[in-house]
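Numbering (my numbering), first residue to last: 170 to 711.
Ideal placement from N, C-alpha and C gives every residue a C-beta, glycine not left out.
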Amino acid sequence: MTTFSNDGNRLYTVGDYVCGWQTDGMERIFRVRPLPDVMCLAAQPGGDLIVSGHRDGRFALMNGLSAEIIAVCGHRQYWDSRSLGLSACGRYLIHDANREVVVREIATNEIVWKSSDERFPLQIVPIHDGREWGIVRNGQLEIWSWPFGSKPNRTFDIGRSGRIAIRGNRLAFFSDTQLHVVDHEEALPLFSIDGSSLPKYHWRHDGSLVTVTSHPSAVAVFDSEGKPGPVIAAPAYGRYAFSPARDDAVMSYGTQGVVLIRNFARQLAAGEAIRSPFEPIRRRNHPYVNHNFPLTTPSRQRHIEATTLAELEQSLSEFTRPCWTPVHKSERSAATCSKFGGVPWIARGAKWPRCGSCDRLMDLFLQLNSKEMPLDAPKLFDGLLQVFVCGAEDGSGLCASEDPFGAAAFLRICQPNGPSAFSEVPDLELFDEEHIVAWQRHDDLPNLCYEIKHLGVSMTDAQEDLYLGGDIKFPVTGDKLLGWPDWVHNVQYVKCPRCAQAMRVIFQIQSCRGIPMMLGDGGVGWVSQCPVHRDVLSFHWQ
170 MTTFSNDGNR LYTVGDYVCG WQTDGMERIF RVRPLPDVMC LAAQPGGDLI
220 VSGHRDGRFA LMNGLSAEII AVCGHRQYWD SRSLGLSACG RYLIHDANRE
270 VVVREIATNE IVWKSSDERF PLQIVPIHDG REWGIVRNGQ LEIWSWPFGS
320 KPNRTFDIGR SGRIAIRGNR LAFFSDTQLH VVDHEEALPL FSIDGSSLPK
370 YHWRHDGSLV TVTSHPSAVA VFDSEGKPGP VIAAPAYGRY AFSPARDDAV
420 MSYGTQGVVL IRNFARQLAA GEAIRSPFEP IRRRNHPYVN HNFPLTTPSR
470 QRHIEATTLA ELEQSLSEFT RPCWTPVHKS ERSAATCSKF GGVPWIARGA
520 KWPRCGSCDR LMDLFLQLNS KEMPLDAPKL FDGLLQVFVC GAEDGSGLCA
570 SEDPFGAAAF LRICQPNGPS AFSEVPDLEL FDEEHIVAWQ RHDDLPNLCY
620 EIKHLGVSMT DAQEDLYLGG DIKFPVTGDK LLGWPDWVHN VQYVKCPRCA
670 QAMRVIFQIQ SCRGIPMMLG DGGVGWVSQC PVHRDVLSFH WQ
């Protein structure tokens, strides 16, 4: 999300554009990026090039001196990653795709190396000048030489740490409420810092360590021996990076922008708070209403007897529900077809839906034609079910928040009479089409961590471990019709505003599957329908 340029210029993003800011005080805005939604930025180790990754699966190589695009690679496929790097020579891009780390030659768009390990890579970082690289996955830091070979030089166990910071032979990682600093080459502990506030952490050019906390929102500095230094207030939603070569600090604020501070030590010494230079995105105010259906847990829980995964499935068979996962292709289809993205059917004279919060054109998340539904599925509606959602993002998250009836989503059931008002999408940055061509049936079970207790069933710790460690996972993940919701945080059924009954989840939308978009951090969204008032529809996500 942040980077620094090794030349004398600033680089930041505003809205949908990458911009350059000259340090001589002359501001220059470069409308150079025809790519939507910056996901992350990375700098060339020791050079002036910068690479940006975007939600639609493409990458742009830019000149840090002018912010002009040199080349674009990748293609409009699903990319659910925020981990990428640029080689020291600037010729290769390193990123993760489909749980693999790949090295892509930017000029030819060819993948020249791919890891055989499919463990999800959480972070890809250059070490020193890019002659070595660190890859974090499944509690281990792997040290690789450039160019990558068949296996890493060495590995280092970092427990459950989600991210690392490396400077020279010094490795910082979080584990057991402590921020640990070790010599990763010698595997020697150096010092630890109390990390109960779950800080983010970065190395500075002088060997000091910066931690960023949310509560309170502040930046704290520790010297090379772990002794505390200055603490200054900072924006709550800022993301940070620090130059390993100069006294520069970079902060990003969602899609509002990324700014660079020269001589960060002077700001620390003066105790000046960091403030966002951007005006907050102004949204229309909508009153909050609690639409969550109140859940009850039976006072008497039924205990089940199961010592194997097969026995566990058999014991819960009474809760089995069918679900159908869509098979889709990247192709154009008729306006009335079932699809993710693309051109939906909209009546002649009608306008493409806009967000009620920010007035942005909304993306077509889903269109289902009742005539193309699975033959053995219950009939939920007649005609077209359409789900439009705003994907605009600021420092506090997407417009489409957890409010199931918010102004950032538009859902309806309509009858497609006559030709559509649109033959093409009105904005090229709206989602490309994924045409739903078939359905696959599955048996589904409820979420055994969150939902099962509300059904009057209790599981032992051993049974939960059996489920979590098994090859079969329930509920079925990904995009699906009906079945059980794959809750991310908690059980959250929606209450119908007309009859106050619990609405039924009829479709689940997973990040970066049918739609090329990340909902928060790998989130899941649900389309719900009232079983009595079938025209009452909602969309919310976790």
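Short Cβ contact (7 Å threshold) for residue i with residue j
i, j, result
"Phe488", "Pro644", "no"
"Val512", "Ala504", "yes"
"Leu537", "Pro585", "no"
"Asp612", "Trp653", "no"
"Glu602", "Gly510", "yes"
"Gln717", "Asp648", "Not covered by the structure: residue 717. The range shown for the chain is 170 to 711."
"Ala434", "Asp416", "yes"
"Ala442", "Ile401", "yes"
"Pro467", "Gly689", "no"
"Trp695", "Val674", "yes"
"Gln213", "Gly259", "yes"
"Val270", "Pro290", "yes"
"Ile473", "Ser486", "no"
"Val390", "Ser377", "yes"
"Ile605", "Ser507", "yes"
Local Cβ density within 10 Å of residue i, reported as buried at 16 or more and exposed below that
i, result
"Glu500", "exposed"
"Gly318", "exposed"
"Leu262", "buried"
"Arg471", "exposed"
"Ala607", "exposed"
"Ser284", "buried"
"Thr646", "exposed"
"Thr494", "buried"
"Ile304", "buried"
"Thr346", "exposed"
"His658", "exposed"
"Leu544", "exposed"
"Thr382", "buried"
"Arg227", "buried"
"Arg273", "buried"
"Cys188", "Since pLDDT at Cys188 reaches only 44, below the 50 mark, its modelled position is unreliable, and the value read off the structure follows with that caveat. Answer is buried; the Cβ neighbour count reaches 16."
"Glu620", "buried"
"Asp634", "exposed"
"Tyr181", "Here the model assigns Tyr181 a pLDDT of 42, short of 50, so the residue's position is not dependable and the matter cannot be decided."
"Ala341", "buried"
Residue nearest to residue i in terms of C-alpha spacing, selected from the options
i, options, result
"Val458", "Gln609, Asp298, Cys665, Ile675", "Cys665"
"Asp286", "Asn278, Ile275, Glu311", "Glu311"
"Ser256", "Trp313, Gly226, Pro399, His223", "Trp313"
"Lys622", "His604, Ala418, Val660, Phe600", "Val660"
"Leu599", "Leu348, Thr477, Arg523", "Arg523"
"Lys396", "Ala240, Phe574, Leu348", "Leu348"
"Arg306", "Asn322, Gly299, Pro295, Ile333", "Ile333"
"Cys209", "Gly216, Ile239, Asp265, Ala240", "Asp265"
"Ile362", "Val379, Glu354, Arg373, Asp375", "Val379"
"Arg431", "Pro358, Arg373, Ala475, Ser486", "Arg373"
"Phe325", "Arg339, Ala240, Lys498", "Arg339"
"Ile515", "Glu593, His460, Met542", "Glu593"
"Ala576", "Ile582, Arg703, Ala561, Arg288", "Ala561"
"Met687", "Phe534, Phe579, Gly587, Lys548", "Phe534"
"Gln670", "Gln555, Val558, Gln292, Ser697", "Ser697"
"Arg610", "Val350, Cys492, Asp572, Cys527", "Cys492"
"Ser386", "Arg444, Ile335, Ala341", "Arg444"
"Glu354", "Glu480, Ala475, Pro588, Asn322", "Asn322"
"Cys242", "Ile219, Asn278, Ala211", "Asn278"
"Lys320", "Trp282, Ala341, Gly299", "Trp282"
"Val663", "Glu394, Ser539, Ser589, Ser707", "Ser707"
"Phe574", "Leu230, Phe557, Gly587, Pro588", "Phe557"
DSSP beta-bridge partners of residue i
i, result
"Leu580", "Val556"
"Cys209", "Gly222"
"Asp601", "According to DSSP, which records beta bridges pairwise, Asp601 is partnered with nothing at all."
"His702", "Note: His702 sits in no beta bridge, so no partner."
"Ala418", "Phe411, Ile430"
"Asn538", "Leu553"
"Asp532", "Val558"
"Leu262", "Leu255, Arg273"
"Ile239", "DSSP output for Ile239 lists no bridge partner at all."
"Ser697", "Val674, Ser707"
"Pro397", "Phe391"
CB contact below 7 Å: residue i versus chain C
i, result
"Pro543", "The displayed structure is made up of one protein chain only, and chain C is not part of it."
Going residue by residue through the region 660 to 687, where are the continuous beta strand (DSSP E) segments of at least 3 residues, counting only ones entirely within it? 673 to 679
inquiry  = Extract the residue ranges of the beta strand (DSSP E) inside the region 281 to 362, only unbroken runs of 3 or more that lie entirely within it.
reply    = 292 to 296, 301 to 306, 309 to 314, 323 to 326, 333 to 336, 339 to 344, 347 to 352
### Minimum length 4: unbroken alpha helix (DSSP H) runs contained in the region 455 to 514
478 to 484
Taking the runs of the beta strand (DSSP E) that are 3 residues or longer, which of them lie wholly in the region 611 to 657?
649 to 651
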